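Numbered per our numbering, the sequence shown spans residues 16 to 570.
Note that the Cβ used here is the ideal one computed from N, Cα and C, for glycine as well.
The structure presented is a predicted model; accordingly, all values stated were derived computationally and were not measured.
Report on one structure; see the data block that follows.
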Amino acid sequence: MTENDRYKANIKELYENLQRELEDCGLFEDDYIRDMRKRTEEKIMPLLEYKKPRIMVYGIYNSGKSTLVNAICEEKVAEVADRPMTDRITEYDAGKYILVDSPGVNAPMQHEEIADRHLEGCHMILFVVSSKGLFEDRVNYQKMGNLIQKELPFYIILNERAEALPPKEQREERREVERRHIEELNEIKRKIIKNLESYSGVADVKEKYDVIMLNAKRAWDGVEKKKENLIKNSRISDLLGRIDSILEGRGALKQLLAPLSAIEQMIGEIEKDIISEQGNEEYAVRREILQKKIINFREDFLADIRYIAERYVNDIYNMRMGNRSVGIGDIRNEICREVENSYKSKVSSLVRYMRENFPEISFKLNDVCNSETLTFQIEDEPPMWEERVEFPREAGEVPIPRQRETEQNGGDVLKSAGNIIGMRNIFPPIDPISIGLQILGGVFHLFKNKERAEQEERELRQAIEQENRKIRDRIEEDIRRRKEARTYANVKIDEMIKEIRTRLQDSMNQEFSRMIDMLDQVIAEKDQRNHAVEAFMDKCKKNRSRIAEIRKEIG
16 MTENDRYKAN IKELYENLQR ELEDCGLFED DYIRDMRKRT EEKIMPLLEY KKPRIMVYGI
76 YNSGKSTLVN AICEEKVAEV ADRPMTDRIT EYDAGKYILV DSPGVNAPMQ HEEIADRHLE
136 GCHMILFVVS SKGLFEDRVN YQKMGNLIQK ELPFYIILNE RAEALPPKEQ REERREVERR
196 HIEELNEIKR KIIKNLESYS GVADVKEKYD VIMLNAKRAW DGVEKKKENL IKNSRISDLL
256 GRIDSILEGR GALKQLLAPL SAIEQMIGEI EKDIISEQGN EEYAVRREIL QKKIINFRED
316 FLADIRYIAE RYVNDIYNMR MGNRSVGIGD IRNEICREVE NSYKSKVSSL VRYMRENFPE
376 ISFKLNDVCN SETLTFQIED EPPMWEERVE FPREAGEVPI PRQRETEQNG GDVLKSAGNI
436 IGMRNIFPPI DPISIGLQIL GGVFHLFKNK ERAEQEEREL RQAIEQENRK IRDRIEEDIR
496 RRKEARTYAN VKIDEMIKEI RTRLQDSMNQ EFSRMIDMLD QVIAEKDQRN HAVEAFMDKC
556 KKNRSRIAEI RKEIG
């Protein structure tokens with residue numbers, strides 16, 4: 016059994032246990048139980064039983080949804096037009112996953128309802144918006160806000176509608192048009208994130224939801240005309256790479272977050288109905304809102320931990336290289352201080368909501384993240400070297416020793432011999448035998464100096480080659496140590512992130528569970544619920560804990 020199959024079996028068992036508890040608690044009518052089973056199974060079971068992940072292409076009509084479907088499938092499977100063409104859910108096999116084409120947003124009401132019902136039956140949503148005005152439509156952000164509320168994973172696809180560029184001959188104008196177009200796209204991307212933050216009420220949207228820019232028309236033209244350059248310039252590979260990274264390897268477990276969210280939503284509905292039946296609907300609504308705020312806070316804060324810690328990678332790198340005297344414990348303390356400050360800043364709005372809506376309960380959430388919670392040891396290692404070694408800019412820049420000025424070389428010998436011969440017209444005639452002996456002596460001296468010069472040249476070359484080898488070895492060693500230091504820094508940061516997250520998740524889970532227990536106790540006192548209600552709510556709590564454990568294991 017694969018890891019994916021094992022988790023699917025665990026989630027299925029979790030759902031079936033919850034369904035049995037719902038039937039056995041004696042708190043609900045048969046019609047309610049049957050309706051809850053039907054609605055939940057329609058959401059959960061397909062997500063666990065599909066052989067391939069399902070990805071819905073969603074958004075306003077005329078935003079390029081069908082063109083994107085065709086480009087991903089690499090064949091014309093969906094009809095393209097400037098008016099709503101899709102009035103039903105259509106599925107296309109894209110190889111690794113199933114693409115679900117939908118009527119989308121602003122379709123006729125009955126068609127849009129079809130799309131909304133199928134959203135929760137998909138593992139991922141590609142929300143397509145056009146760069147030509149339609150991205151500003153209010154309904155876009157209302158729909159994306161709904162996806163965030165339901166905790167459905169989605170990417171925002173900004174489909175570029177590029178204007179025609181001037182001919183290649185007009186290069187300067189062409190470059191200027193391209194520059195303005197890129198600036199326009201980046202501005203649109205910024206506006207999308209800002210609008211989504213405003214409509215959803217969720218902070219740090221840009222850290223949780225990506226806007227992927229591509230040109231679906233260019234991608235499809237590249238497929239249709241078999242032009243790799245068009246496909247590359249369309250940037251569709253960025254989207255396909257993101258999808259593959261989620262669906263492959265351990266990332267495939269991310270698909271299981273959708274059925275987990277569906278089960279947690281089911282638990283929330285049941286709890287709300289139990290409390291509502293006891294005559295305290297307003298309190299039940301506030302409790303449900305608090306649950307969602309806790310989930311959002313926990314996810315945002317845990318994401319912040321990585322952002323804070325990764326800023327210290329260079330500090331650990333420099334420490335390992337011997338450039339900083341601080342230890343790993345000092346860096347750990349700095350990270351923990353920043354994490355603690357970030358927690359206190361973020362938790363303040365959650366505490367304010369609690370105090371305003373549940374004044375009868377005392378909350379001390381600031382105690383969750385403190386020096387005591389974050390105290391842990393991490394193994395340190397000394398720097399790889401005590402001092403840095405500087406190297407010449409070029410490995411071959413070795414000074415060549417000059418020949419001793421006092422030593423006569425072969426050229427000087429020849430010059431002397433020539434002078435001797437050249438002076439025959441100036442001085443009186445000399446005995447031929449004497450001249451011959453002098454020339455012979457000069458030539459013999461020349462050969463002797465030439466042999467010495469060649470020997471010195473060989474020795475000099477050997478010395479230079481040996482020195483070059485030493486420098487190359489030292490440079491390679493320096494590069495190796497730098498790589499090792501960078502790997503060391505990343506490993507240490509990952510260790511700290513894992514340790515901090517584990518400690519804080521356990522601490523937060525305990526505190527948040529305690530808070531919910533206190534809320535439920537107040538509800539119990541107000542409504543005088545019977546033992547069956549308390550027992551069932553306790554089972555719901557255990558199921559939530561199990562869901563949190565599975566989420567933590569998936570990562």
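Does any CB atom of chain B fall closer than 8 Å to the CB of I104? You won't find chain B in this structure, because it holds only one protein chain.
Helix, strand or coil for D116? Go by DSSP, reduced to three states. In the structure shown, D116 adopts extended strand secondary structure according to DSSP, grouped into three states.
Taking 8 Å as the threshold, find out whether the region 153 to 163 comes into contact with the region 214 to 225 through three or more Cβ pairs. Touching, per the Cβ criterion.
According to the neighbour-count rule (16 or more other Cβ atoms, all chains shown, within 10 Å of its Cβ), is E286 buried or exposed? Buried, since its Cβ has 16 or more Cβ neighbours within 10 Å.
Assumed close pair V341, L389 - CB separation to whole angstroms, cut-off 8 Å: The pair is not a contact, with the Cβ atoms about 18 Å apart (cut-off 8 Å).
Taking the straight line between their C-alpha atoms, what separation do you get for I163 and D488? Between I163 and D488, the C-alpha separation is close to 55 Å.
Within a Cβ cutoff of 7 Å, which residues of the same chain sit near R52, ignoring the five residues on either side of it in sequence? The answer, listed in chain order, is Q34.
Cβ neighbour criterion (16 or more within 10 Å) applied to L37: L37 is buried by the Cβ-count criterion.
For E193, which option in G74, K209, I208, R176 has the closest C-alpha, if you only look at C-alpha atoms? Measuring from the Cα of E193, the nearest candidate turns out to be R176.
Measure the alpha-carbon distance for R518 versus R529 and round it to whole angstroms. Rounded to the nearest angstrom, the gap between the Cα atoms of R518 and R529 is 17 Å.
Sequence-distant residues of its chain with Cβ nearer than 6 Å to A500 (five each side left out): Cβ contact annotation for A500 (same chain, cutoff 6 Å, sequence separation greater than five): Y332, R335, M336, in chain order.
Apart from the five residues on each side of it in sequence, which residues of its chain come closer than 7 Å, Cβ to Cβ, to V92? When the five nearest sequence neighbours on each side are left out, the beta carbons in the same chain lying within less than 7 Å of the beta carbon of V92 are those of V84, N85, Y107, in order along the chain.
Mind checking which residues open and close the beta strand (DSSP E) that includes S78? Secondary structure note for S78: it is in no beta strand (DSSP E), with a DSSP letter that is neither H nor E.
Ignoring anything shorter than 4 residues or poking outside the region 148 to 236, list the alpha helix (DSSP H) runs there in chain order. Within the region 148 to 236, the complete alpha helix (DSSP H) runs of at least 4 residues are 153 to 164, 186 to 215, 220 to 223.
Who are R141's beta bridge partners in DSSP? The sequence given here has Leu at residue 141, not Arg. Per DSSP, V72, Y170.
In the DSSP assignment, the beta strand (DSSP E) including E106 goes from what residue to what residue? Run containing E106: 105 to 108, per the beta strand (DSSP E) assignment.
Does the Cβ of A575 have 16 or more other Cβ atoms within 10 Å, making it buried, or fewer, making it exposed? Residue 575 cannot be examined here, being either before or after the span of the chain that is shown, 16 to 570.
What is the DSSP secondary structure of I26, counted as helix, strand or coil? In this structure, I26 counts as helix in the three-state DSSP scheme.
Three or more C-beta pairs closer than 8 Å, one from the region 314 to 324 and one from the region 346 to 366: is that the case here? Output reads yes: the region 346 to 366 touches the region 314 to 324.
Please tell me whether I278 and L42 are closer than 8 Å, where the distance is taken between their beta carbons. No.
For the structure I just gave you, are there three or more beta carbon pairs, one from the region 75 to 83 and one from the region 132 to 148, closer than 8 Å? Under the 8 Å Cβ criterion, the region 75 to 83 counts as touching the region 132 to 148, having at least three qualifying pairs.
Could you pull the start and end residues of the alpha helix (DSSP H) that A550 belongs to? Membership of A550 in the alpha helix (DSSP H) is indicated by the continuous run 546 to 569.
Using the C-alpha atoms, what's the distance from E482 back to R467? When rounded, the distance between both Cα atoms is 23 Å.
6 Å Cβ shell around E514 - same chain, five flanking residues per side excluded: Only F391 meet the Cβ criterion.
Whole-angstrom distance between F169 and R301, CA atom to CA atom: Cα to Cα, R301 sits roughly 27 Å from F169.
Does the Cβ of D50 have 16 or more other Cβ atoms within 10 Å, making it buried, or fewer, making it exposed? That one is exposed.
From the DSSP output, in three-state form, read off T517 for me. DSSP places T517 in the helix class (H, G or I) of the three-state scheme.
Helix, strand or coil, according to DSSP, for T502 in the structure here? Three-state DSSP puts T502 in a helix.
Rounded to whole angstroms, how far is the Cβ of P68 from the Cβ of Y112, which I believe are closer than 8 Å? Between Y112 and P68 the Cβ distance is about 4 Å, and since that is below 8 Å, they are a contact.
Please state the DSSP three-state secondary structure of M336. DSSP places M336 outside both helix and strand once states are collapsed to three, so it counts as coil.
Leaving aside the five residues before and after S252 along the sequence, list all residues of the same chain whose C-beta is less than 8 Å from its C-beta, in chain order. Counting only Cβ-Cβ distances below 8 Å, and skipping sequence neighbours, we find I246.
Under the three-state DSSP convention, the category G41 falls into: Under the three-state reduction of DSSP, G41 is assigned to coil, being neither helix nor strand.
Proximity of I75 and L114 at Cβ, strictly below 8 Å: The beta carbons of I75 and L114 sit no closer together than 8 Å.
Drop a sphere of 10 angstroms on the beta-carbon of N161, count the other beta-carbons inside from all chains shown, and report buried for 16 or more, exposed for fewer. It counts as exposed.
Throw me the rounded Cβ distance for the A324 and M511 pair, which I believe falls under 8 Å. Sure, about 6 Å apart at Cβ, within 8 Å.
With distance defined between alpha-carbon atoms, name the residue in R313, I48, E239, A234 nearest to E525. The residue you asked about is not Glu; residue 525 is Gln in the sequence shown. Checking every option, the nearest Cα to that of Q525 belongs to R313.
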